Amino acid sequence: MRRRIPEWFVLLLPAFIVIAAVVLIPLIFSLYSSFTPYKLTRPSTLWRWIGTANYEKILTDVKFWSAFGRTILFLTIALNVELLLGLLIALMVNKVTWGQRTLRTILMFPMMFSPILVGFQFKFIFNDNIGLVNNALQSLGVSNAALPWLVDGNLAMFSIIFAEVWMSTSVFAILILAGLFAIPQDPLEAAKVDGCTPWQTFRHITLPFLMPFIFIAMTIRSLDVARAYDIVQIMTGGGPAGRTELLWTLMSRTGYVDARMGLANAMGYVSILLSIAFTVYFFKKLSAARAELGMGG
Amino acid sequence: MTEVTLSNVVKRYGKQQAVHGIDLDIQDGEFLVLVGPSGCGKSTTLRMIAGLEDISDGEISIGNRVVNDLPPRERNISMVFQNYALYPHMTVRENLGFTLQIAKQPEAQITRAVNEAAGILGLDELMDRKPAELSGGQRQRVAMGRAIVRQPDVFLFDEPLSNLDAKLRTQMRVEIKKLHQRVGNTIIYVTHDQVEAMTLADRIVLMRDGHIVQVGTPLELFNTPVNTFAATFIGSPPMNLADGVVSDAGTIVLRDSLTIPVPKSARAHVKPGQKVQLGFRADNLMPVGHAVEEKGELVDLELTVALTEPLGTETLLFADLAGLEVQAKMLNPRPVQPGEKLAFHLMLDKTHVFDAASGVALRG
Ligand SMILES: Nc1ncnc2c1ncn2[C@@H]1O[C@H](COP(=O)(O)OP(=O)(O)OP(=O)(O)O)[C@@H](O)[C@H]1O
Ligand SMILES: [Mg+2]
Chain C
34 MRRRIPEWFV
44 LLLPAFIVIA
54 AVVLIPLIFS
64 LYSSFTPYKL
74 TRPSTLWRWI
84 GTANYEKILT
94 DVKFWSAFGR
104 TILFLTIALN
114 VELLLGLLIA
124 LMVNKVTWGQ
134 RTLRTILMFP
144 MMFSPILVGF
154 QFKFIFNDNI
164 GLVNNALQSL
174 GVSNAALPWL
184 VDGNLAMFSI
194 IFAEVWMSTS
204 VFAILILAGL
214 FAIPQDPLEA
224 AKVDGCTPWQ
234 TFRHITLPFL
244 MPFIFIAMTI
254 RSLDVARAYD
264 IVQIMTGGGP
274 AGRTELLWTL
284 MSRTGYVDAR
294 MGLANAMGYV
304 SILLSIAFTV
314 YFFKKLSAAR
324 AELGMGG
Chain A
211 MTEVTLSNVV
221 KRYGKQQAVH
231 GIDLDIQDGE
241 FLVLVGPSGC
251 GKSTTLRMIA
261 GLEDISDGEI
271 SIGNRVVNDL
281 PPRERNISMV
291 FQNYALYPHM
301 TVRENLGFTL
311 QIAKQPEAQI
321 TRAVNEAAGI
331 LGLDELMDRK
341 PAELSGGQRQ
351 RVAMGRAIVR
361 QPDVFLFDEP
371 LSNLDAKLRT
381 QMRVEIKKLH
391 QRVGNTIIYV
401 THDQVEAMTL
411 ADRIVLMRDG
421 HIVQVGTPLE
431 LFNTPVNTFA
441 ATFIGSPPMN
451 LADGVVSDAG
461 TIVLRDSLTI
471 PVPKSARAHV
481 KPGQKVQLGF
491 RADNLMPVGH
501 AVEEKGELVD
511 LELTVALTEP
521 LGTETLLFAD
531 LAGLEVQAKM
541 LNPRPVQPGE
551 KLAFHLMLDK
561 THVFDAASGV
571 ALRG
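Okay, structure coming up:
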């Protein structure tokens with residue numbers, strides 16, 4: 034009698050094949066190519082093994098590390114601003130009794146736009162000649178000169194963060210609102226009776242209940258923001274003079290413009306460490322916050 | 211001192227009215243129990259006193275101070291919730307001390323107050339646990355401890371025992387009564403369990419559909435219910451009610467032409483032809499020779515027993531009275547077979563007459 038392939042294996046085979054095709058093979062290929070001087074324009078370079086030369090180059094590359102640092106700065110500012118604004122919005126929406134559904138839907142609008150369109154939109158809004166912002170500032174007499182929103186390094190960073198915050202604050206707002214809905218009413222009422230002012234109730238009861246939701250939002254968003262690309266590419270293209278260059282704009286420039294794919298892939302693997310670090314950090318915080326509430330693990 | 215006064219207190223949810231103008235005067239140090247079936251507005255009333263619910267109309271004052279517009283924290287009350295409402299992220303110690311922490315009391319005083327409450331309720335071993343690590347009864351105790359630590363003018367309890375098993379409930383009932391004797395504060399206690407109401411209350415407020423039906427001591431409610439609702443709600447087993455018509459001869463004719471004299475207390479209040487309900491408790495219908503000492507007017511009845519429930523010192527008998535199943539009580543019980551015919555005495559002086567249409571008690 035012929036040995037038959039076990040049924041479970043047959044059933045799982047399509048899944049294995051798909052995962053191999055879309056995840057495993059690209060992963061192995063990119064990892065391999067990061068050890069070669071692979072240039073898209075010269076495919077034969079793919080077969081030259083140069084060991085860790087790409088990684089060594091990155092370690093001393095000022096451009097890479099300033100993009101790395103700028104990404105962390107971008108991440109930190111954007112996440113914190115989004116958290117604060119999202120929390121504020123969620124708390125206010127939670128108070129609304131009439132038309133809350135509509136409001137919640139409107140809240141999601143920014144998430145429905147393609148980031149590229151958001152980028153174009155803000156590129157227009159912050160344009161120094163014809164942009165809305167300068168127009169408004171000048172009509173109101175706040176400023177006579179045209180402010181170089183996307184040309185000055187610091188202002189450009191601000192503009193990008195502004196666009197990012199506009200687009201993604203609602204993620205925080207929605208997740209925190211879900212948290213607010215999930216809070217049991219009893220402890221809140223007990224706190225009121227126990228003598229808490231509204232602020233004290235928020236500080237001592239509501240906030241601890243929200244922490245797990247906040248950390249989930251943080252985890253998701255840190256992964257998202259760490260690979261910010263579209264908005265930056267559209268609004269400033271990493272300029273002026275690399276002053277808004279983030280990891281992913283740098284990588285795509287290295288890989289596709291300079292065609293040095295091997296080096297770009299090596300950068301990718303180094304910057305993944307950043308995402309992993311943030312994820313691990315926020316997950317630790319999440320577990321701690323849940324344990325605090327007696328929810329286990 | 212801390213009287214609590216409700217005058218014409220109304221609660222509306224939109225168009226629907228949940229509490230219809232309640233008047234109550236609660237004395238300082240009184241243990242008042244609000245009792246009634248589910249949905250009658252007990253919790254709503256209590257929550258209005260606590261300040262967790264707006265007052266739609268009327269006035270509530272605590273200690274001569276109108277509190278309608280005061281937030282809960284300024285009413286100096288504490289409340290024990292049905293679901294305990296402990297703070298899950300705090301240890302027992304922190305739960306107990308939270309209210310004093312918020313009030314910015316000195317640390318030494320907080321420790322003292324917390325330890326004292328823990329001592330009263332036997333929580334010493336549990337102080338460093340989180341609520342998730344406690345049993346239902348222990349959580350209930352922490353909730354009570356939290357209320358004690360606050361040293362409020364008034365304690366409010368909303369069905370604090372309804373999530374506990376029967377044995378624990380009896381035990382906690384005693385503890386609550388002891389607590390009241392020890393601290394002597396005014397207590398307003400909500401329950402739907404008439405046994406809890408009877409055993410705990412100085413005074414009971416019986417509610418139905420957002421109205422007060424009767425206010426009185428447990429014995430007043432038990433002995434002189436104002437209507438059939440009060441008669442059947444208070445006391446276990448519920449009072450037997452038999453439909454009948456008042457005859458010209460001053461008797462009440464039940465079904466199957468069984469006649470029973472109108473009790474003395476009701477004689478001046480019934481007229482011939484009136485449809486009434488005759489009410490008597492199981493304790494007032496007893497087999498001859500198995501009763502408490504029999505006083506006053508007795509009516510002889512011979513009834514067939516359909517079912518028995520032996521309870522040890524007494525047996526509940528389900529007997530057939532003119533086609534109606536009534537409950538009777540047999541003291542010093544002997545075994546009774548279903549279908550057995552027994553001679554009973556109905557104690558007429560303890561029997562009530564209610565108007566059949568309105569349910570109102572007819573007595574003077
Ligand atoms: N938030 C609300 N909105 C609308 N109606 C409500 C609300 N809360 C309570 N009610 C209504 O008010 C009435 C009284 O409710 P309440 O909670 O006071 O009852 P209860 O006597 O405490 O009952 P239970 O023994 O079940 O707790 C009920 O008919 C209930 O449906
Ligand atoms: Mg209730």
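So the protein lines, in turn, are chains C and A.
Here our numbering is used: the first residue of the first sequence is 34, the next is one more, and so on.
Here our numbering is used: the first residue of the second sequence is 211, the next is one more, and so on.
The C-beta atom is built at its ideal place from N, Cα and C for all residues, glycine as well.
Here the structure is a predicted model, which is why all the values come from computation and not from measurement.
For residue i, the three-state DSSP class (helix, strand or coil)
i: A:G268; result: strand
i: A:S345; result: coil
i: C:V151; result: helix
i: A:N373; result: coil
i: A:R303; result: helix
i: A:R222; result: strand
i: A:T409; result: helix
i: C:A100; result: helix
i: C:G330; result: Residue confidence for C:G330 is low, a pLDDT of 45 falling below 50, so the modelled location carries little weight; the figure read from the coordinates is stated next. The answer is coil: DSSP assigns C:G330 none of H, G, I, E or B.
i: C:I264; result: helix
i: C:Y289; result: helix
i: A:N437; result: strand
i: A:H390; result: helix
Alpha helix (DSSP H) segment containing residue i, residue limits
i: A:A318; result: 317-331
i: C:Y65; result: 58-66
i: C:M190; result: 186-215
i: A:F432; result: 428-433
i: C:P231; result: 231-234
i: A:F291; result: Premise fails: A:F291 is in no alpha helix (DSSP H) and is neither H nor E.
i: C:K317; result: 294-325
Boundaries (first-last residue) of the beta strand (DSSP E) holding residue i
i: A:E519; result: 508-520
i: A:A452; result: 450-456
i: A:E657; result: One cannot answer for residue 657 of chain A here, as it falls past the ends of chain A, which runs 211 to 574.
i: A:S467; result: Element bounds for A:S467: n/a, residue is neither H nor E.
i: A:F490; result: 485-490
i: A:F365; result: 364-368
i: C:A178; result: Segment: none, C:A178 is in no beta strand (DSSP E) and carries neither H nor E.
i: C:D161; result: Premise fails: C:D161 is in no beta strand (DSSP E) and is neither H nor E.
i: A:E535; result: 534-541
Residue i, buried or exposed, once every other Cβ within 10 Å from all chains shown has been counted against 16
i: A:Q348; result: buried
i: C:L106; result: exposed
i: C:G102; result: exposed
i: A:S288; result: buried
i: A:A342; result: exposed
i: A:K252; result: buried
i: A:K340; result: buried
i: C:S201; result: buried
i: C:M328; result: exposed
i: A:M258; result: buried
i: C:S67; result: buried
i: A:V219; result: buried
i: A:L451; result: buried
DSSP beta-bridge partners of residue i
i: A:R275; result: A:I272
i: C:R75; result: C:K72
i: A:A353; result: DSSP, once it has assigned bridges, lists no residue as partnering A:A353.
i: C:V166; result: In the DSSP output, where bridge partners are listed per residue, C:V166 has none listed.
i: C:A239; result: Reading off the sequence shown, one finds Thr at residue 239 of chain C, where the question assumed Ala. Looking at the DSSP assignment, C:T239 forms no beta bridge with any residue, so it has no partner.
i: A:I422; result: A:M417
i: A:K551; result: A:T514
i: C:I115; result: According to the sequence provided, residue 115 of chain C is Glu. The question's Ile does not apply to it. C:E115 pairs with nothing; no bridge assigned.
i: A:I236; result: A:V214
i: A:H562; result: A:G489
i: A:I287; result: A:V364
i: A:M496; result: A:H555
i: C:E278; result: Answer by DSSP bridge pairing: none, since C:E278 is not bridged.
i: A:V400; result: A:L244, A:D368
i: A:Q227; result: A:R222
task = Count the CB pairs spanning the region 500-517 of chain A and the region 540-548 of chain A that are closer than 8 Å, and state whether there are at least three.
result = Segments in contact, yes.
key: Contact between the region 521-536 of chain A and the region 481-489 of chain A (3+ Cβ pairs under 8 Å)   = With the rule of 3 Cβ pairs closer than 8 Å, the region 521-536 of chain A does not count as touching the region 481-489 of chain A.
ask   = Does the region 307-327 of chain C come within contact of the region 244-262 of chain C, defined as at least 3 CB pairs closer than 8 Å?
value = With three or more CB-CB distances shorter than 8 Å, the region 307-327 of chain C counts as touching the region 244-262 of chain C.
request  = Would you be able to state if there are at least three C-beta pairs under 8 Å between the region 505-513 of chain A and the region 554-566 of chain A?
outcome  = In short, these stretches touch, since the Cβ pair count reaches three.
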